[in-house]
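Colleague: In this note's numbering, the protein residues as written are 39 to 156. Even glycine gets a Cβ: it sits at the ideal position worked out from N, Cα and C. Remember, predicted model here, so these are calculated numbers, not experimental data. Take this structure first; my questions come after.
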Amino acid sequence: MVAFEGGEPIGFTYGAPGEPGREWWREYLAEEPADPSTFSVSELMLRPKWRKQRLGERLHTALLADRPEALAVLTVDTKRPRLQAMYEGWGYKKVGERQPFPDSPLYAVMLLDRTHTT
Numbered sequence: 039m040v041a042f043e044g045g046e047p048i049g050f051t052y053g054a055p056g057e058p059g060r061e062w063w064r065e066y067l068a069e070e071p072a073d074p075s076t077f078s079v080s081e082l083m084l085r086p087k088w089r090k091q092r093l094g095e096r097l098h099t100a101l102l103a104d105r106p107e108a109l110a111v112l113t114v115d116t117k118r119p120r121l122q123a124m125y126e127g128w129g130y131k132k133v134g135e136r137q138p139f140p141d142s143p144l145y146a147v148m149l150l151d152r153t154h155t156t
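Following this line, the structure appears as structure tokens:
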């Protein structure tokens with residue numbers, strides 16, 4: 039998904055469906071969801087001038103609109119609490135923390151149950 043203004047790209051988001059049975063977030067849940075199908079949101083970016091206008095939320099909503107997966111997952115650097123709070127405002131819940139590589143940041147693992155959203 040790419041947002042444009044006057045032919046100029048101002049933001050984007052993308053992701054991909056997870057492979058059934060290989061959902062990496064499973065280790066953070068005590069119980070497996072009834073439908074574990076997952077869409078992984080990989081990136082969401084807006085140019086600074088267009089931030090704080092709910093454009094990111096609109097891009098995110100458009101990205102997931104036609105997706106059949108019951109869940110969406112993303113990670114947020116734990117040093118970005120305001121960004122984590124933004125995703126929580128969109129219905130995501132922090133289910134754990136993950137450091138995929140020894141030299142990478144520590145990330146909050148955020149999961150959205152799309153079966154309970156309106």
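Who does residue 52 pair with in a DSSP beta bridge?
Modeller: Answer is 81, bridged to residue 52.
Colleague: Between which residues of its own chain and residue 133 is the CB-CB distance below 8 Å, once the five residues before and five after are set aside?
Modeller: Once the five neighbours on either side are set aside, the close Cβ partners of residue 133 are 63, 66, 67, 147, 148 and 149.
Colleague: Using only the alpha-carbon positions, how far apart do residue 108 and residue 73 sit?
Modeller: Looking at the two C-alpha atoms, the distance is approximately 6 Å.
Colleague: Measuring CA to CA, which of 44, 137 and 75 is closest to residue 60?
Modeller: Closest option to residue 60, Cα to Cα, is 75.
Colleague: On the DSSP bridge list, what partners appear for residue 47?
Modeller: According to DSSP, residue 47 bridges with 42.
Colleague: Using the rule of at least 16 other Cβ atoms within 10 Å of the residue's Cβ for burial, across every protein chain shown, is residue 77 buried or exposed?
Modeller: The residue in question, residue 77, is buried, as its Cβ has 16 or more Cβ neighbours within 10 Å.
Colleague: Quick check on this structure: which residue in 79, 94, 69 and 71 has the alpha carbon closest to the alpha carbon of residue 48?
Modeller: With distances taken between Cα atoms, residue 48 lies closest to 94.
Colleague: Helix or strand or just coil, what does DSSP make of residue 57?
Modeller: Correct three-state label for residue 57: coil.
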